[in-house]
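The structure appears below as structure tokens.
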Amino acid sequence: MKHLISCLKSYRKEAALAPLFKLFEATLELIVPLVVAEIVDVGVASGDRAYILKMCLVLVGFGLVGLGFSLTAQYFAARAAVGAGCELRGRLFRKLQSFSFTQIDETGTSTMITRMTSDVNQVQTGVNMALRLFLRSPFIVFGAMAMAFYVDRTAALVFVAIIPLLAAVVFAVMAACIPLYQRVQEKLDGVFLSTRENLAGVRVIRAFRREERETEEFDGRNGELLAAQKRAGRTAALTNPLTFVLVNLAVIALVYVGALRVDAGALGQGDVIALYGYLSQILVELVKLANLIVTVTKAVSCQKRVGKVLDAEGEPSALIAADSESAGEPSALIAADSESAGGASAISAAGESAGEREAVRFEHVTFRYAGGGAPALSDVDFTAKRGQTIGIIGGTGSGKSTLAHLIPRFYTATEGRVLVDGKDVGEIPVERLRERVGVVPQKAALFKGTIRSNLLWGNGAATEEELLAAVKTAQAEDVLAAKGGLDGEVAQEGKNLSGGQRQRLTIARALVRKPEILILDDSSSALDYATDARLRRALRETGCTVFLISQRTASVAHADAVLVLDDGRLAGKGTHEELLRTCEIYREIDQSQNGGKRV
Amino acid sequence: MNGTKRNRTGTLAGVARYLKPYGGYLVCTIVLALVTVASSLIVPYLVGLAIDCIVGAGAVDYGRLGNLFLTIGACVFAAALSQWLTSLCNNKIAYHVLADVRRDAFRKIEKLPLRYIDAHAYGEIASVVITDAEQFSDGLLLGFTQLFTGVATIVGTLVLLFLLRWQLALVVFFITPLSLFAAKFIASRTYTMFRKQSEARAEQTAFIDEMIGNLKVVKAYTHEDENEARFDELNASLGKCALRATFFSSTTNPVTRFINSVVYAAVALVGAFTVIATGGAFSVGNLASALSYSNQYTKPFNEISEVIAEFQNALACASRVFALIDEEEQPSDEGNAELGRAHGEVALRDVSFSYSPERKLIERMNVLVPAGKRAAIVGPTGCGKTTVINLLMRFYDVTGGSVTVDGKDVRSVTRSSLRENYGMVLQETWLKRTTVRENLCMGKPDCTEEEMIAAAKAAHVHSFVTRLPQGYDTVVGDEGVLSQGQKQLLCIARVMLCLPPMLILDEATSSIDTRTERKVQDAFARLMTGRTCFIVAHRLSTIENADVILVMKDGNVVEQGTHEELLRAGGLYAELYRAQFAPV
Numbered sequence: 118m119k120h121l122i123s124c125l126k127s128y129r130k131e132a133a134l135a136p137l138f139k140l141f142e143a144t145l146e147l148i149v150p151l152v153v154a155e156i157v158d159v160g161v162a163s164g165d166r167a168y169i170l171k172m173c174l175v176l177v178g179f180g181l182v183g184l185g186f187s188l189t190a191q192y193f194a195a196r197a198a199v200g201a202g203c204e205l206r207g208r209l210f211r212k213l214q215s216f217s218f219t220q221i222d223e224t225g226t227s228t229m230i231t232r233m234t235s236d237v238n239q240v241q242t243g244v245n246m247a248l249r250l251f252l253r254s255p256f257i258v259f260g261a262m263a264m265a266f267y268v269d270r271t272a273a274l275v276f277v278a279i280i281p282l283l284a285a286v287v288f289a290v291m292a293a294c295i296p297l298y299q300r301v302q303e304k305l306d307g308v309f310l311s312t313r314e315n316l317a318g319v320r321v322i323r324a325f326r327r328e329e330r331e332t333e334e335f336d337g338r339n340g341e342l343l344a345a346q347k348r349a350g351r352t353a354a355l356t357n358p359l360t361f362v363l364v365n366l367a368v369i370a371l372v373y374v375g376a377l378r379v380d381a382g383a384l385g386q387g388d389v390i391a392l393y394g395y396l397s398q399i400l401v402e403l404v405k406l407a408n409l410i411v412t413v414t415k416a417v418s419c420q421k422r423v424g425k426v427l428d429a430e431g432e433p434s435a436l437i438a439a440d441s442e443s444a445g446e447p448s449a450l451i452a453a454d455s456e457s458a459g460g461a462s463a464i465s466a467a468g469e470s471a472g473e474r475e476a477v478r479f480e481h482v483t484f485r486y487a488g489g490g491a492p493a494l495s496d497v498d499f500t501a502k503r504g505q506t507i508g509i510i511g512g513t514g515s516g517k518s519t520l521a522h523l524i525p526r527f528y529t530a531t532e533g534r535v536l537v538d539g540k541d542v543g544e545i546p547v548e549r550l551r552e553r554v555g556v557v558p559q560k561a562a563l564f565k566g567t568i569r570s571n572l573l574w575g576n577g578a579a580t581e582e583e584l585l586a587a588v589k590t591a592q593a594e595d596v597l598a599a600k601g602g603l604d605g606e607v608a609q610e611g612k613n614l615s616g617g618q619r620q621r622l623t624i625a626r627a628l629v630r631k632p633e634i635l636i637l638d639d640s641s642s643a644l645d646y647a648t649d650a651r652l653r654r655a656l657r658e659t660g661c662t663v664f665l666i667s668q669r670t671a672s673v674a675h676a677d678a679v680l681v682l683d684d685g686r687l688a689g690k691g692t693h694e695e696l697l698r699t700c701e702i703y704r705e706i707d708q709s710q711n712g713g714k715r716v
Numbered sequence: 029m030n031g032t033k034r035n036r037t038g039t040l041a042g043v044a045r046y047l048k049p050y051g052g053y054l055v056c057t058i059v060l061a062l063v064t065v066a067s068s069l070i071v072p073y074l075v076g077l078a079i080d081c082i083v084g085a086g087a088v089d090y091g092r093l094g095n096l097f098l099t100i101g102a103c104v105f106a107a108a109l110s111q112w113l114t115s116l117c118n119n120k121i122a123y124h125v126l127a128d129v130r131r132d133a134f135r136k137i138e139k140l141p142l143r144y145i146d147a148h149a150y151g152e153i154a155s156v157v158i159t160d161a162e163q164f165s166d167g168l169l170l171g172f173t174q175l176f177t178g179v180a181t182i183v184g185t186l187v188l189l190f191l192l193r194w195q196l197a198l199v200v201f202f203i204t205p206l207s208l209f210a211a212k213f214i215a216s217r218t219y220t221m222f223r224k225q226s227e228a229r230a231e232q233t234a235f236i237d238e239m240i241g242n243l244k245v246v247k248a249y250t251h252e253d254e255n256e257a258r259f260d261e262l263n264a265s266l267g268k269c270a271l272r273a274t275f276f277s278s279t280t281n282p283v284t285r286f287i288n289s290v291v292y293a294a295v296a297l298v299g300a301f302t303v304i305a306t307g308g309a310f311s312v313g314n315l316a317s318a319l320s321y322s323n324q325y326t327k328p329f330n331e332i333s334e335v336i337a338e339f340q341n342a343l344a345c346a347s348r349v350f351a352l353i354d355e356e357e358q359p360s361d362e363g364n365a366e367l368g369r370a371h372g373e374v375a376l377r378d379v380s381f382s383y384s385p386e387r388k389l390i391e392r393m394n395v396l397v398p399a400g401k402r403a404a405i406v407g408p409t410g411c412g413k414t415t416v417i418n419l420l421m422r423f424y425d426v427t428g429g430s431v432t433v434d435g436k437d438v439r440s441v442t443r444s445s446l447r448e449n450y451g452m453v454l455q456e457t458w459l460k461r462t463t464v465r466e467n468l469c470m471g472k473p474d475c476t477e478e479e480m481i482a483a484a485k486a487a488h489v490h491s492f493v494t495r496l497p498q499g500y501d502t503v504v505g506d507e508g509v510l511s512q513g514q515k516q517l518l519c520i521a522r523v524m525l526c527l528p529p530m531l532i533l534d535e536a537t538s539s540i541d542t543r544t545e546r547k548v549q550d551a552f553a554r555l556m557t558g559r560t561c562f563i564v565a566h567r568l569s570t571i572e573n574a575d576v577i578l579v580m581k582d583g584n585v586v587e588q589g590t591h592e593e594l595l596r597a598g599g600l601y602a603e604l605y606r607a608q609f610a611p612v
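One line per chain: the protein sequences are G and B, in this order. Add 117 to a position in the first sequence, counting from 1, and you land on the number used in our numbering. Add 28 to a position in the second sequence, counting from 1, and you land on the number used in our numbering.
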């Protein structure tokens with residue numbers, strides 16, 4: 118709840134004014150029965166038609182003023198709810214962007230998107246409803262009680278007795294409903310999963326003739342959902358009958374007390390009508406409240422899920438301890454800016470002295486993914502000199518990408534240290550570090566826009582010449598020619614480009630930032646041998662330290678050093694020729710690819 | 029217009045079909061709702077009578093009051109009970125119909141031709157089964173009771189008012205519909221605002237999809253600040269639209285409430301005048317009842333206007349759900365013979381096939397693969413390699429000619445018995461979100477632990493599976509801990525466990541590194557001996573050893589022969605071979 122409240126903070130005024138105007142409106146409504154009592158006790162008793170007419174016009178006037186109050190309240194409620202919704206969405210977006218790779222893996226893309234979209238929308242609706250109606254109900258209920266005291270203290274005791282009972286019923290039902298509706302949501306997720314799987318996996322399911330099994334499984338989940346829905350429905354259905362009984366029992370008590378008071382001459386008949394009117398108002402209010410329970414219940418559970426994301430600590434930024442609320446990476450980075458300028462220059466100064474200075478060093482690095490059993494990397498130790506090309510090779514799941522991901526600190530080493538320019542990556546502000554590292558991921562993701570807008574991701578300030586130079590190095594000039602130059606359209610995910618075109622553009626994007634360290638994660642797999650070779654030559658000329666992850670020994674054969682990974686261990690380290698002599702695994706890999714054709 | 033009307037009738041007929049088994053409950057709901065309405069409406073009248081027993085000091089009829097209290101108590105109890113039972117009946121109908129609809133929709137998915145599933149986005153079909161079905165149940169079934177109770181309450185109130193004093197009934201009758209008009213007016217005005225809101229929302233969602241979907245790239249390029257700026261822009265424009273839509277749509281209640289207060293004042297005026305004019309024959313208690321009625325009167329109006337707005341949407345959802353349920357199924361194979369364990373001679377005779385009538389794909393294709401032989405299919409992208417697999421597995425049916433196994437037309441045997449004879453590994457791996465064990469044993473659910481582990485070892489998955497947090501009981505799925513290559517190895521192990529007489533391998537090792545592939549190769553070779561194999565691959569070694577290579581282009585087999593024959597022929601195969609495999 119604390120996140121929602123803090124999101125509402127900038128709409129404090131609106132969030133306060135909305136219920137306040139509701140209060141005004143409710144007050145007017147509460148005066149109505151008094152006016153009616155006057156009509157009966159004064160107007161009807163004396164037969165004064167003019168007085169009755171006047172009082173009825175007063176009622177219409179109350180209605181009109183009430184309309185004004187109510188519209189004002191709705192406006193402020195909408196502003197507060199929409200504003201808080203936007204604020205919440207904004208904070209979530211920032212928080213998600215600050216997530217570390219581990220958190221991204223753990224949370225999952227679809228969950229993150231659901232939190233940002235449907236969950237926040239539910240919360241927004243909930244806030245709006247709560248401000249408009251949820252607070253109105255207590256006003257009316259307690260207001261009615263106050264008015265009853267004004268009319269007659271003795272009769273008002275009936276109100277005092279009934280209100281706690283009503284509150285107990287409403288809250289008990291609501292408290293019982295929240296977990297029940299959460300359960301419904303869980304079961305619905307299961308049904309959704311079954312449905313989606315049977316569409317995505319239709320070929321495999323049919324090939325293995327699993328249709329009946331899958332149907333049984335679906336029936337099971339569907340049945341569980343049905344049971345959960347019925348339980349929640351049964352419980353929610355209790356509110357109306359229970360409150361109806363309680364209020365009407367109070368009516369009987371009230372009429373009886375009223376009879377005694379009138380009999381004693383302490384009260385008029387009109388007053389009894391007024392008191393009855395107050396009880397009726399309470400009942401109407403409670404029915405509205407009961408209809409709201411489902412909406413609010415849903416909003417509360419969505420709010421909890423959103424809150425969980427917001428509670429997560431974003432990626433820790435090195436120099437600055439995260440400060441309370443907006444603990445995400447961005448704010449910490451801004452704070453880090455002043456210091457990092459000095460830091461960066463210190464790094465380069467340190468480097469100047471050594472002629473062949475080291476770019477990256479791994480010191481006995483071990484890394485374990487959160488929740489994954491065995492370490493993905495164990496005791497990896499090596500040094501890469503500036504300007505070198507380092508090949509990384511190994512089987513599926515041997516830890517090649519993991520190793521590369523530790524350099525820009527996408528993940529943090531579990532044991533040991535990763536150093537860039539002699540400095541522990543944990544001590545370099547994340548943004549500074551990543552500015553100097555160009556990563557070309559395995560999955561060549563481009564974004565909707567133009568080729569230019571995609572390349573500018575590398576460096577927003579790059580000139581036309583710099584962009585074209587990067588394109589040239591990445592061997593992507595023909596892509597530009599085919600797509601109409603830098604301003605050629607790129608569809609979402611780059612769907613209008615072939616795999617090879619996408620790969621070369623993502624390489625160009627990385628080059629635009631003129632990185633000191635370039636990581637190519639199997640990113641030339643869709644290129645033919647000739648282009649791949651030209652690309653490697655061009656990259657060497659840029660002078661940056663290149664980490665080249667590949668499955669093919671031919672791609673790493675010309676590297677200054679090759680790291681051979683096997684199940685997360687460094688199985689060999691050296692040049693192609695050395696490894697062919699010394700490393701059994703490397704030899705096997707090489708033979709599996711070139712063995713047949715090496716004459 | 030006529031078309032949509034007929035469509036609507038069809039939808040309502042569909043609703044009726046699903047309601048039929050719950051006819052008894054439906055009758056109960058209606059009867060109980062009437063009891064609820066009647067008994068709860070009578071209460072204010074009785075309270076009015078009770079108030080008439082309290083005229084003034086010393087003029088209170090306690091005896092009559094006691095009797096009235098008993099009657100009121102009985103009515104209240106009856107009303108509460110029937111209201112509760114109505115909800116139960118109603119829930120029963122709504123949730124059971126929903127479950128029935130989902131059950132049928134799911135069964136339909138299992139029987140839909142691949143042609144339909146391939147042509148629709150998964151999300152689209154899933155949203156029909158999940159969201160549309162729910163909207164239909166909420167809007168049409170729960171809405172129905174609300175609508176029915178609402179109308180009954182309105183009619184009942186009018187009748188009672190009429191009995192009390194017909195002039196009052198007329199006042200209420202003529203003023204109240206104003207609130208309906210007001211509600212409708214506001215709804216039509218807010219429609220555009222809601223549309224703008226959903227447009228703004230769609231734009232934002234697309235952005236979220238793209239950026240959160242590729243969050244790792246965003247972070248690699250420290251593009252967070254730019255994204256934030258763009259997001260804030262989208263968020264602000266959404267906020268603007270949302271504020272307008274939310275506010276204007278929320279004016280309905282205050283406006284109808286105002287109209288209600290006018291009704292209330294009018295009833296008070298006319299009622300009070302009547303009390304004076306009739307000299308108390310229309311009593312003060314009657315006036316109290318009338319006021320109470322007019323107070324409760326707008327609630328059903330509000331509900332009805334909400335329900336009607338919802339109704340339209342629910343009907344549209346229902347028609348989508350029924351369209352899916354009524355979709356044509358793949359031709360039934362009931363009564364077809366079982367294929368039994370095949371030898372594996374596969375022939376395509378004069379086969380023609382196309383995905384759409386306008387674009388011809390395969391025409392008069394003839395291939396014979398003798399039992400136990402190995403056929404490799406090669407060719408440029410889009411030449412129809414995958415289509416051949418679709419035809420072999422009978423995911424699609426040929427439009428001309430025939431596919432036979434052991435001389436039997438595949439359309440004359442059951443799909444199940446045909447597919448039992450095939451083992452398939454596709455490039456696009458798919459794992460069910462369940463344990464590794466269940467995924468492995470998918471084709472042979474009754475296999476022993478030893479068999480499973482033997483297959484896992486042969487496919488080189490045993491070592492990494494045992495390193496997973498819960499070993500064979502680790503839950504895997506499409507998203508998650510496994511790499512693409514590991515998934516593909518699991519799919520291979522899955523087939524190694526069944527040992528069917530025919531194999532289809534569509535780029536089955538494309539994500540596996542060459543060294544591991546080599547290790548798996550032996551097991552693969554063992555698996556393939558004596559089995560008819562169809563192999564789509566771009567690695568030379570797999571193709572070279574094939575008994576027959578089918579070279580496809582634009583849907584047709586343009587060359588057929590062994591590796592040497594085809595190289596000698598110097599045609600398309602030789603060209604492909606040079607382009608793809610020759611070293612630079």
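Even for Gly, the Cβ is constructed at its ideal location relative to N, Cα and C.
Residue i burial status per 10 Å Cβ neighbour count (16 or more: buried)
i	result
Y73 (chain B)	buried
A463 (chain G)	Reliability of the predicted coordinates at A463 (chain G) is poor, the pLDDT of 37 falling under 50, and no value is obtained from them.
Y219 (chain B)	exposed
I417 (chain B)	buried
Proximal residues to residue i (C-beta, below 8 Å), its chain only, five neighbours per side dropped
i	result
K589 (chain G)	A655
L209 (chain G)	R232, M233, V237, V423, V426 and L427
Any C-beta of chain B under 7 Å from that of residue i
i	result
C780 (chain G)	This structure does not reach residue 780 (chain G), given that chain G is present from 118 up to 716, and the question cannot be answered.
S709 (chain G)	yes
Chain G contact for residue i (CB, 7 Å cutoff)
i	result
R193 (chain B)	no
Q455 (chain B)	no
E252 (chain B)	yes
Other residues of its chain near residue i: CB distance less than 6 Å, five sequence neighbours each side excluded
i	result
T502 (chain B)	V464 and L496
Y325 (chain B)	T185
| At a Cβ cut of 7 Å, what residues of the region 543-563 of chain G count as close to chain B, listed as they run along the chain? | Across the region 543-563 of chain G, CB contacts with chain B closer than 7 Å involve E548, R551, E552, V556, P558 and A562, in sequence order along the chain.
| task | Report the residues of the region 526-560 of chain B with a CB closer than 9 Å to any CB of chain G, ordered along the chain. | result | Of all residues in the region 526-560 of chain B, the ones placed with a Cβ closer than 9 Å to any Cβ belonging to chain G are C526, I532, S539, I540, D541, T542, R543, T544, E545, R546, K547 and Q549, in chain order.
| task | State whether the region 286-293 of chain B contacts the region 165-179 of chain G, with contact taken as three or more CB pairs (one from each stretch) at a distance under 8 Å. | result | Touching, per the Cβ criterion.
| said: Does the region 351-360 of chain G come into contact with the region 278-295 of chain G, if we say contact requires no fewer than three beta-carbon pairs (one atom in each stretch) closer than 8 Å? | reply: Yes: the two stretches touch, three or more of their Cβ pairs being nearer than 8 Å.
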